[in-house]
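FYI, the numbering for the sequence shown is -25 to -1, 1 to 225, going by mature numbering (1 follows the signal peptide of the UniProt record, and there is no 0).
All C-beta atoms in this analysis are idealised placements derived from N, C-alpha and C, irrespective of residue type, glycine included.
Below is one structure; the comments refer to it alone.
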Amino acid sequence: MFKKNKFTIFSVMIVLLLMSTVGHAANYTYNFYDWISNQRYSYNWTVRVIPLSPSRTNTTPSVPVEPSKPSKPTTPSVPVEPNEPSKPTTPSVSVEPSKPSKPTTPSVPVEPSKPSKPTTNPGLSQIEMEVVRLVNIERQKAGLTAFNPSAELSKVARTKSEDMAKNNYFSHTSPNYGSPFDMMKSFGIKYRTAGENIAKGYHTAESVVRGWMNSSGHRANILNPNFETIGVGAYTNSNGTIYWTQMFTN
């Protein structure tokens, strides 16, 4: 009995001696590789042997229990593919704004009263410009563009009227200048087509234009759509007779 107790005491002393010399902590590492998530995990835990104090009973330290291995991480669920964003609702077709109502057709302005004296134009006398104005009214009635009065062409027409008055003839062919076309060229007038109207004995612009419009050949020159330019020449002889010439070109 004594021997047995002695052995027990000796064993306890040995344990205490060992425990007093092994009073430190031990670290252990557990590595775990997850093939599913392709990640490696490391877990550390400490085994610490606590020496017995002299006042404490000689209790055999319990064998440290190895911590349970961490459970394998659950296989991450396959991420659910997010739903495709819903297509935006097709915007409703905007209603085309109503077209603005067409403006009311303005009433045709009343033609102002004709001035008693026509507007003067450089190179044309008052009576010559009145002939131009009256002729353009006739063209407007026929839906044609108005003539452009030319000072240069009016100079040629005036010379022709003077030539007829002084040389006492009434014809398209001048004894001094030839045909109207030759005469225009001699004065430097360029044209593609040309024409001429002549008259004598009419005392006003209104009467001479009326006489020309009552003659088919003269009216054809006045309303010719190919003519764009007009020259007018009036010359009064010593007896008071007025000679009239119209020349047309384009």
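In this structure, does DSSP put residue i in helix, strand or coil?
i, result
"Glu171", "strand"
"Asn201", "coil"
"Ala117", "coil"
"Ser190", "coil"
"Ser161", "helix"
"Ser182", "helix"
"Asn151", "coil"
"Asn123", "strand"
"Pro63", "Model confidence at Pro63 stands at a pLDDT of 39, short of 50, so the residue's coordinates are unreliable; what they give is reported in the following sentence. Three-state DSSP puts Pro63 in coil, outside helix and strand."
If you drop the 5 nearest sequence neighbours on each side, which residues of the same chain put their C-beta closer than 7 Å to that of residue i?
i, result
"Ala174", "Val183, Gly186, Trp187 and Trp219"
"Met158", "Val131, Lys135, Ser149 and Tyr152"
"Tyr166", "Met159, Thr224 and Asn225"
"Phe156", "Ala169"
"His178", "Ile217"
"Thr65", "Residue placement at Thr65 is poorly supported in this model, since its pLDDT is 38, which falls under 50; the coordinates still yield a value, given next. Within the same chain, Thr65 has no close Cβ partners at all."
Could you spell out the range, first to last residue, of the beta strand (DSSP E) harbouring residue i?
i, result
"Phe223", "Ile217 to Thr224"
How would you write the range of the alpha helix (DSSP H) that residue i sits in, first residue to last?
i, result
"Lys130", "Ala126 to Asn142"
Near residue i, which residues of its chain fall below 6 Å by C-beta distance, leaving aside the five closest residues on each side in sequence?
i, result
"Thr168", "Asn201 and Asn225"
"Phe162", "Val131"
"Asn172", "Trp187, His193, Asn196 and Gln221"
Once you ignore the five residues that flank residue i on each side, which residues in its own chain have a CB closer than 8 Å to its CB?
i, result
"Asn123", "Glu203, Thr204 and Ile205"
"Leu128", "Met159, Ile164, Thr204, Ile205, Gly206, Met222 and Thr224"
"Ser154", "His147 and Thr148"
"Glu56", "Its pLDDT being 48, under 50, Glu56 is placed unreliably by the model, and the measurement read from it follows with that caveat. Around Glu56: no qualifying Cβ."
"Asn111", "Ala121 and Phe122"
"Gln115", "Ala121"
"Thr79", "Confidence at Thr79 is low in this model, with a pLDDT of 34, below 50, so the placement of that residue is unreliable and no value is reported for it."
"Asn212", "Ala140, Lys141 and Tyr218"
Taking CB distances under 8 Å as the criterion, tell me whether residue i reaches chain C.
i, result
"Gly215", "Absent here is chain C; the protein component of the structure consists of one chain."
Residue i and residue j look like a contact to me (Cβ under 8 Å); what is the Cβ gap, rounded to whole Å?
i, j, result
"Thr216", "Gly176", "6 Å"
"Tyr210", "Ala140", "5 Å"
"Leu109", "Glu181", "6 Å"
"Ile197", "Glu137", "Not really, about 22 Å apart at Cβ, beyond 8 Å."
"Leu99", "Ala117", "Contact doesn't hold; Cβ gap of about 23 Å is too wide."
"Glu105", "Gly208", "Contact doesn't hold; Cβ gap of about 13 Å is too wide."
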